[in-house]
């Protein structure tokens, strides 16, 4: 069996981190290697732990997820970043993708779909949850978001 995917969780809500950890720990091919509660901790933990995939929230106190993602890219971190957030607007999605996110899903994603998203971005794919893609296509249109 291949080495498990090493995942770092970065979210300012402890209950979210704990829920993600609880679900991901039962996946045979995913290993949660650490956590951070803001962008600064996320960058520091990524340098320390060298995860394969970082699950990163966008809006956090202090250094937000977009700035943390930019810093990770400046440091040439090889980790693939999957944004996991409740923010759906283009003004959040587009900067995250431009900063180098490999994927973007909402926090209400089905847990099995989240595990699949982690595997997908780890394999080198870019992943947008269908609802995210739909929001990008319809925002600003009559009747859109």
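Numbering (full-length UniProt numbering), first residue to last: 1 to 145.
All C-beta atoms, glycine included, are put in the ideal place defined by N, C-alpha and C.
Owing to the predicted nature of the structure, the values given are computational and were not obtained by experimental measurement.
- Give me the Cα-Cα distance between residue 42 and residue 100, rounded to the nearest whole angstrom. Those two C-alpha atoms are separated by around 15 Å.
- Roughly how many whole angstroms lie between the Cα atoms of residue 114 and residue 75? Just so you know, the alpha carbons of residue 114 and residue 75 end up roughly 26 Å apart.
- Item | Any 3 or more C-beta pairs closer than 8 Å across the stretch 85–95 and the stretch 110–126 | Touching, no.
- Best match in 60, 52, 110 and 63 for proximity to residue 30 [C-alpha to C-alpha]: Nearest of 60, 52, 110 and 63 to residue 30, Cα basis: 52.
- DSSP three-state assignment for residue 75, whether helix, strand or coil: Three-state result, residue 75: coil.
- Please report how far the alpha carbon of residue 33 lies from the alpha carbon of residue 137, in whole angstroms. Inter-residue distance for residue 33 and residue 137 is about 35 Å (C-alpha atoms, whole angstroms).
- For residue 6, which residues from the same chain have a beta carbon less than 6 Å from its beta carbon, with the 5 sequence-adjacent residues on both sides left out? Closer than 6 Å at the Cβ level, and outside the excluded window around residue 6, lie 31, 33, 51 and 52.
- Does DSSP put residue 89 in a helix, in a strand, or in coil? Three-state DSSP puts residue 89 in coil, outside helix and strand.
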